[in-house]
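S.K.: Before anything else, here's the structure in question.
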Amino acid sequence: MRQYAAHLIGQCYQGRLIKLNGEPDHIHILFELPATAAPSVVVCSLKTQLSKEIRANFWDEIKDKLWNNIFWSDSYFITTTGGADIETIEKYIQDQGIEKPKRKYTKRQTKKE
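Sequential numbering of the sequence shown, starting at 131, is according to our numbering.
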């Protein structure tokens with residue numbers, strides 16, 4: 131999927147796939163596009179083309195996991211990285227699917243006077 135997405139973003143939109151990873155029910159993609167490319171068009175194209183590719187190559191593995199034969203939901207979220215540190219965003223995407231230890235909270239001690 132990563133190679134296919136990189137090819138689509140690069141060849142069709144003159145962009146660059148930076149990072150792709152996900153959870154069992156969603157993915158995170160970090161990509162760079164020229165100012166002339168509309169991110170919403172790229173996402174819709176990715177969803178369409180990746181769905182076709184995955185269905186063609188992995189139908190037996192996914193057919194029981196689809197709801198009403200639908201691969202993606204209609205929704206998606208897009209944001210710009212703005213002034214954010216790209217390395218931080220890459221690490222966040224890379225860490226998707228990795229179980230993180232739960233934080234242990236302790237009751238705060240209060241001073242008794």
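Ideal placement from N, C-alpha and C gives every residue a C-beta, glycine not left out.
For Val172, count neighbouring Cβ atoms within 10 angstroms of its own Cβ and tell me buried if that reaches 16, exposed if not.
M.R.: Counting from one through the sequence shown, the residue named residue 172 turns up at place 42. Looking at its Cβ environment, which holds 16 or more other Cβ atoms inside 10 Å, Val172 is buried.
S.K.: On the premise that Ser181 lies in contact with Trp202, defined as a C-beta separation below 8 Å, what is that separation, rounded to the nearest angstrom?
M.R.: By 1-based counting over the sequence shown, the position of residue 202 is 72. By 1-based counting over the sequence shown, the position of residue 181 is 51. Their Cβ separation, rounded to whole angstroms, is 6 Å, which keeps Trp202 and Ser181 in contact under 8 Å.
S.K.: What did DSSP end up calling Asn187 once you bin it into helix, strand or coil?
M.R.: Counted from its first residue, the sequence shown places residue 187 at position 57. In the structure shown, Asn187 sits in a helix (DSSP, three-state: H, G or I).
S.K.: Count the other C-beta atoms from every protein chain shown that fall within 10 angstroms of the C-beta of Leu196, then say buried if there are 16 or more, exposed otherwise.
M.R.: Here residue 196 refers to the residue found at position 66 when the sequence shown is read from its first residue. Leu196 is exposed by the Cβ-count criterion.
S.K.: Can you give the Cα-Cα distance for Asp225 and Cys142, rounded to whole angstroms?
M.R.: On the sequence shown, position 95 is the one that residue 225 refers to. On the sequence shown, position 12 is the one that residue 142 refers to. Answer to the nearest angstrom: the Cα atoms are 28 Å apart.
S.K.: With a 10 Å radius around its C-beta and 16 neighbouring C-beta atoms as the bar for buried, classify Phe161 as buried or exposed.
M.R.: Here residue 161 refers to the residue found at position 31 when the sequence shown is read from its first residue. Result: buried.
S.K.: What are the start and end residues of the beta strand (DSSP E) that includes Lys149?
M.R.: For the purposes of this step, residue 149 is taken as residue 19 along the sequence shown, with counting starting at 1. Arg146 to Glu153 is the span of the beta strand (DSSP E), which, as asked, contains Lys149.
S.K.: Can you give me the C-alpha to C-alpha distance between Lys221 and Ile148, rounded to a whole angstrom?
M.R.: Against the sequence shown, residue 221 aligns to sequence position 91. Against the sequence shown, residue 148 aligns to sequence position 18. Whole-angstrom Cα-Cα distance: 11 Å.
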